[in-house]
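Peer 1:
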């Protein structure tokens, strides 16, 4: 009977081996707003009317968008100021180019991305039944924000998705702000549609999980390892390289060098280090991991944390995702996981 229930509740992805839960009984109820398309519908000859209509239909988001994200309108909402600011904005060649590019790249958003997002939301509700899906707003941010969560009224969250931050690895982001680290190639190569849902889940899981329980590298490794483990189960058909935001070569390197990385962290006494200068590149986005071979990518600490969580959950097969998040003691998790790095 138990085996039958497990078969009915899960099916495994044929390539990744990660279980796909049965979510046919789970319904979604959220609003999808293509805000960048609504901007294009504003009559440039009467932008005040267009702004007022947007504010009436989507009050919280419109306030957030025009007063904080793209700060064109002040709190006094002077009519003449609104007319001038919006007219200039809507007729700015950079904005029209951005809107046209977003429309071209994401012209199949509703068919390509929304079904993937819906399935991820259903999986999230399966593992976290008390979670409520947010309303979703797509927008342009002038290359400033990929995604964010905000209060959308009536006690419900909203999720903003900056489509201009997902224009593909061939888009010349480095020209937007030359020399700015945020637009380095090792970061922008994941600014594409294949990484979008995973990155959205990063933000949603941070909302669910809260901050790491401590400042030690071990605390942050385990925290991030939990997030990777859960997202892997929210996206069971997505390869590990997308979960880690690695290239396939980088993914192969870390999987073949677990023992060496493990020994390095012990030798350098990094597990209990709290100085962010010393541990930052092992847990945050970085082109490399200091002290390791040139082939080693950044965030190797997160990869090791993920492997520890995998080992821990194998030893606790009846533990739910919610129960996993309740175990806050990183040292306890590492000890009880009995993790042993793979040898090659």
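In this note's numbering, the protein residues as written are 1 to 344. Cβ atoms here follow ideal geometry from the backbone N, Cα and C, with glycine treated the same way. As the structure is a computational prediction, the values presented were derived from the model and not from experiment.
1. Short of 7 Å in beta carbon distance, which residues of its chain neighbour residue 362, apart from the five on each side in sequence? Order them along the chain.
2. Can you tell which of 70, 121, 84 and 119 has its C-alpha closest to the C-alpha of residue 145?
3. Grab the span of the beta strand (DSSP E) containing residue 102 for me, first residue to last.
4. Measuring straight from C-alpha to C-alpha, what distance separates residue 265 and residue 29?
5. Going by DSSP in three states, residue 151 sits in which element: helix, strand or coil?
6. Taking residue 145 as part of the beta strand (DSSP E), name the residues at either end of that continuous run.
7. Assign residue 335 to one of three DSSP states: helix, strand, or coil.
8. What separation, rounded to the nearest whole angstrom, lies between the Cα atoms of residue 83 and residue 197?
9. Rounding to the nearest angstrom, what Cα-Cα distance links residue 337 and residue 27 in this structure?
10. Name the DSSP bridge partner or partners of residue 138?
11. Under 7 Å between C-beta atoms, does residue 20 make it to chain B?
12. Under a three-way DSSP split, which group does residue 21 fall into?
13. May I have the straight-line CA-CA distance separating residue 147 from residue 36, to the nearest angstrom?
14. In chain order, what residues of the same chain lie with their CB nearer than 8 Å to the CB of residue 109, ignoring the 5 residues before and after it?
15. Which term fits residue 307, buried or exposed, when burial requires 16 or more other beta carbons within 10 angstroms of its beta carbon?
16. Could you give the residue range of the alpha helix (DSSP H) that holds residue 225?
17. In the DSSP assignment, the alpha helix (DSSP H) including residue 115 goes from what residue to what residue?
18. Count the other CB atoms, across all protein chains shown, that sit within 10 Å of the CB of residue 276; report buried if there are 16 or more and exposed otherwise.
19. Evaluate residue 289 with the Cβ neighbour count: other Cβ atoms within 10 Å of its Cβ, from every protein chain shown; 16 or more gives buried, anything less gives exposed.
20. Whose C-beta lies closer than 6 Å to the C-beta of residue 173 among residues of the same chain, with five residues either side of it excluded?
21. How many Å lie between residue 285 and residue 295 at the Cα?
22. Nearest-angstrom Cα distance between residue 206 and residue 255?
23. Residue 81 lies in the alpha helix (DSSP H); which residues open and close that run?
24. Helix, strand or coil for residue 300? Go by DSSP, reduced to three states.
25. Smallest Cα separation from residue 282: which of 134, 335, 222 and 309?
26. Do residue 120 and residue 234 come within 7 Å of each other at the CB atom, strictly closer than that value?
27. What separation, rounded to the nearest whole angstrom, lies between the Cα atoms of residue 65 and residue 291?
28. Closest by CA to residue 231, which one among 94, 92, 310 and 136?
29. Just curious, the alpha helix (DSSP H) that residue 51 is in, first and last residue?
30. Go through its chain and collect everything with a Cβ distance to residue 241's Cβ below 8 Å, but skip five positions before and after it.
31. For residue 272 and residue 216, what's the separation of their Cα atoms in angstroms?
32. Tell me which residue opens and which closes the alpha helix (DSSP H) that residue 282 is part of.
33. Any chance the CB of residue 69 is under 6 Å from a heavy atom of the ligand NAP?
34. Please confirm whether residue 140 and residue 114 have their CB atoms less than 7 Å apart.
35. Express the C-alpha separation of residue 117 and residue 100 in angstroms, rounding to a whole number.
36. Considering just the uninterrupted stretch of the alpha helix (DSSP H) at residue 188, what are its terminal residues?
Peer 2: In terms of the structure at hand:
1. The structure shown has nothing for residue 362, since the chain only spans 1 to 344.
2. 70
3. Following the DSSP letters along the chain, one finds residue 102 in no beta strand (DSSP E) but inside the alpha helix (DSSP H) bounded by residues 93 to 105.
4. Their Cα atoms are separated by approximately 45 Å.
5. strand
6. Note, residue 145: premise wrong, no beta strand (DSSP E); not H, not E.
7. helix
8. Separation of residue 83 and residue 197 (C-alpha to C-alpha, rounded to the nearest whole angstrom) is 36 Å.
9. 35 Å
10. Looking at the DSSP assignment, residue 138 forms a beta bridge with 34 and 161.
11. Reference to chain B is not applicable here, since this structure consists of a single protein chain.
12. If DSSP states are grouped into helix, strand and coil, residue 21 belongs with the strands.
13. Between residue 147 and residue 36, the C-alpha separation is close to 14 Å.
14. 34, 138 and 163
15. Counting Cβ neighbours within 10 Å, residue 307 comes out buried, since at least 16 surround it.
16. 217 to 234
17. 109 to 127
18. exposed
19. buried
20. 183 and 188
21. 15 Å
22. Rounded to whole angstroms, the separation of the alpha carbons of residue 255 and residue 206 is 26 Å.
23. Secondary structure note for residue 81: its alpha helix (DSSP H) is the uninterrupted segment 79 to 90.
24. helix
25. If we check each option's Cα against that of residue 282, 222 comes out closest.
26. Their beta carbons are under 7 Å apart, which means residue 234 touches residue 120 by this criterion.
27. 43 Å
28. 310
29. 47 to 57
30. 247, 248, 250 and 251
31. 5 Å
32. 276 to 283
33. Of the ligands one can find in the structure shown there are none, so the ligand NAP has no counterpart to examine.
34. Contact annotation: residue 140 and residue 114 have beta-carbon atoms that are not nearer than 7 Å.
35. 23 Å
36. 185 to 188
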